[in-house]
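In UniProt numbering, the protein residues as written are 1 to 318.
One structure is given here, and the rest of the page talks about it.
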Amino acid sequence: MARLFRKLFMRSKRQYTNIDQTKERKTESTRITRPAHFLFRIESFTQLSHENYESPEFECGDHTWKLSLYPNGNTKLGGKGHVSLYLVIADAENYSLESDVHAMFKLFVFDQKQDSYLTIQDDQVRRFSTMKKEWGFTKLISLKKFYDATRGYLVDDSCVFGVEVLAIPPAVKLGSLSVVRGPRDEIFTLKIEKFSTLDDAHFSEPFTVQGHQWKLVMCRSKESKLKGERRCFLLTPHGRVGSKLFVRGAMRVKSVGGSSFSGFPRDCWFGDSVASSMEMAAVTLSDLTDESGSIPDDSVTVEVEILTITKLATSESK
């Protein structure tokens, strides 16, 4: 039983130990072109006695960076027997969560005999932030390979490391789409007198729904056969919309005698380059007359309800 417990404990310990280890994915190659952004030359490499050294800072892609070197490996992450090298963002405190820096990078080791660079590339886009300031390789190059006299990585106890960084710029524009339902049971009501005799367009006072102002317009139909008989009701923004809006609304027209007309829900885009008004309903006088063939008091009540407003907007990213 004790032996079985020890086996289960050791298996659990191995699984726990591996939880926080980041799997490194890298591609190695050789090239003769030197790194474009930063070179870090080290003299008396074998005399380095500290576990970790940082390079001077350098600018690239509107950000400040530095290299973090472990000459004998970052043993806490399993780098024993290797050189460990990481790219560190030095100004992470200047960025919010929404503006973390995403970047791809390459690290280099200079072969002084072949006049070429061992290139180690991270195969993923990495996110640099206040919570995770550095990415790199715990096993950049083995110490056996690095110290090999037939190679040129360490000559006269000096070596050169390098880095290239491709920081992905944030989107210039940020698009958003939001759908807002109109207030439940909030209906705009307009009473129109002398309904049958109005000739010109009749405008309501502005009313506000979800931060946007609207007006209702009533006018005679432009269709010659129905001119004088048909009335059109239009919903139009009061002032500039500012962003593109998709509005869905419904309307009812009632006479004093109880006759009414209800239009089907209508929808329309509003914005600088699209429609400036939406026809909510078209009513003929006969829709509202009573048994005598006239509209009581020649007045009607119009009810308008905004069902939903969909807002499509763009803004500058931060």
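Cβ coordinates follow ideal geometry from the N, Cα and C atoms, glycine included.
Please state whether the Cβ-Cβ distance between residue i and residue j is less than 8 Å.
i	j	result
ALA167	HIS63	yes
ILE192	VAL247	no
LYS244	GLY211	no
CYS159	PHE110	yes
LEU143	GLY81	yes
ARG230	THR284	yes
ARG25	TYR117	no
PHE233	ALA281	yes
On a Cα-Cα basis, can you pick out the residue from the options that is closest to residue i?
i	options	result
ARG252	VAL302, GLY271 and PHE203	VAL302
TYR86	ASP100, GLU193, VAL209 and LYS106	LYS106
THR138	ASN74, THR314, THR27 and ASN52	ASN74
GLU54	ALA90, ASP287 and LEU307	ALA90
TYR70	PHE38, ILE141, GLN124 and GLN112	ILE141
MET131	GLU205, VAL300, VAL101 and ILE120	VAL101
SER178	ARG41, SER29, LYS311 and SER44	LYS311
SER286	ILE32, PHE195 and ILE120	PHE195
LYS113	ILE32, GLN47 and ILE187	ILE32
GLY239	PHE233, LYS215 and GLY249	LYS215
THR208	CYS219, ARG220, ILE187 and ALA201	ILE187
ILE42	ASP157, LYS66 and PHE108	ASP157
THR236	HIS37, VAL304 and ARG220	VAL304
ASN52	LYS66, MET280 and PHE58	LYS66
PHE108	LEU39, PHE58, GLN47 and ARG126	LEU39
Express the C-alpha separation of residue j and residue i in angstroms, rounding to a whole number.
i	j	result
TRP135	SER49	23 Å
ARG151	PRO56	27 Å
GLU164	ASP115	18 Å
PHE128	GLU93	11 Å
GLN21	THR27	Residue placement at GLN21 is flagged as unreliable, the pLDDT there being 38, under the threshold of 50; a coordinate-derived value is accordingly withheld.
VAL83	GLY175	44 Å
ASP122	PHE146	20 Å
PHE161	SER68	11 Å
THR314	ALA103	25 Å
SER277	LYS133	52 Å
ARG181	PRO206	19 Å
SER255	ASP298	8 Å
PHE45	ASN72	10 Å
PHE265	PRO296	Per the sequence presented here, residue 265 reads as Pro, with Phe not at that position. Near 27 Å, if we compare the C-alpha coordinates of PRO296 and PRO265.
SER29	ILE120	7 Å
SER204	ALA250	16 Å
LEU288	SER294	8 Å
HIS37	GLY79	26 Å
If you follow the beta strand (DSSP E) that residue i is part of, which residue opens it and which one closes it?
i	result
MET107	Met is not the amino acid found at residue 107; the sequence shown has Leu there. Looking at the DSSP string, the run of the beta strand (DSSP E) that includes LEU107 is 101 to 111.
PHE233	230 to 237
TYR70	63 to 70
GLN47	Where GLN47 is concerned, there is no enclosing beta strand (DSSP E), given that its DSSP letter is neither H nor E.
PHE207	207 to 209
GLY162	159 to 168
Could you check where the alpha helix (DSSP H) with residue i kicks off and where it finishes?
i	result
LYS144	143 to 147
Any heavy atom of the ligand SAH within a distance shorter than 7 Å of the CB on residue i?
i	result
PRO56	Looking at this structure, you won't find the ligand SAH or any other ligand, since it has none at all.
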